[in-house]
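Here's the structure, in structure tokens; my notes come after.
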Amino acid sequence: MVSGGEKTESQYFSGLRLTRRVPITVKYKVDAPHNLVGYAARLRDQYREEFEAVWCVVDVDEFDIPAAVRLADRLQVNLAVSNPCFEVWLLLHFADHRAHVTDYRAARDLLARHVPGYDKKLDFAAFDPRVEDAMARAALLGPGNPSTGVGRLVGAVLRR
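Given below as structure tokens:
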């Protein structure tokens, strides 16, 4: 998995790997989503025997997500987009939130209602018992805001 986020995504997926003992390799690169897709494809091609699937985890932010989606389709890279940000995925562990989320700060504030003091630092143990709830809630969200494809990635990893 390749992510443009350095802290939160790393903590979450490291916790998932250690707690659930799932085989996932996490790489980070601060860049635009379409560049991350290209990077993920190059890693896959370089280490083809080591990966069953390649995913990119990206936030909408101010990026050209349709360009990243087109490139991911062309390069056969799975894309998990969170709109507006990864914190939507985290929030779904605690609440069935379907109302518009303005930006990262709004998502952080919503999440802090369930995880007091949250600000880009997390303890996976607080999220672990609720992973399946988050996957189910994410599947019910339509396209747009809020939405997240991280549930598909987590589901694929847990099924391995």
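Sequential numbering from 1195 applies to the sequence shown in our numbering. From the three backbone atoms N, C-alpha and C, an ideal C-beta is built for every residue, glycine too. The model shown is predicted, which means the values in this text are computed figures rather than measured ones.
Counted within 10 angstroms of its Cβ, other Cβ atoms place residue i as buried (16 or more) or exposed
i	result
Ser-1208	exposed
Tyr-1241	exposed
Gly-1311	exposed
Gly-1338	exposed
Glu-1294	The sequence given here places His at residue 1294; Glu does not occur at that position. Counting Cβ neighbours within 10 Å, His-1294 comes out exposed, since fewer than 16 surround it.
Pro-1323	exposed
Thr-1296	exposed
Pro-1260	exposed
Glu-1326	exposed
Glu-1203	buried
Limits of the alpha helix (DSSP H) - the one that residue i falls within
i	result
Leu-1347	1344-1353
Asp-1267	1259-1269
Asp-1253	No alpha helix (DSSP H) holds Asp-1253; the beta strand (DSSP E) holding it covers 1249-1253.
Nearest-angstrom Cβ-Cβ length linking residue i and residue j, presumed shorter than 8 Å
i	j	result
Leu-1273	Cys-1250	5 Å
Leu-1304	His-1291	7 Å
Pro-1278	Val-1254	5 Å
Val-1271	Val-1252	Incorrect: roughly 11 Å between the Cβ atoms, too far for contact.
Ala-1235	Leu-1269	4 Å
His-1308	Ala-1330	Going by Cβ atoms, the distance from His-1308 to Ala-1330 rounds to 17 Å, so no, they are not a contact pair.
Glu-1281	Ala-1301	4 Å
For the segment 1197-1227, which segments carrying the alpha helix (DSSP H) assignment without a break, of at least 4 residues, lie completely within its bounds, in sequence order?
1202-1214
With a cut-off of 8 Å, do at least 3 Cβ pairs link the segment 1329-1339 to the segment 1220-1237?
no
3 or more residues per run - each beta strand (DSSP E) lying fully within the segment 1271-1354:
1272-1277
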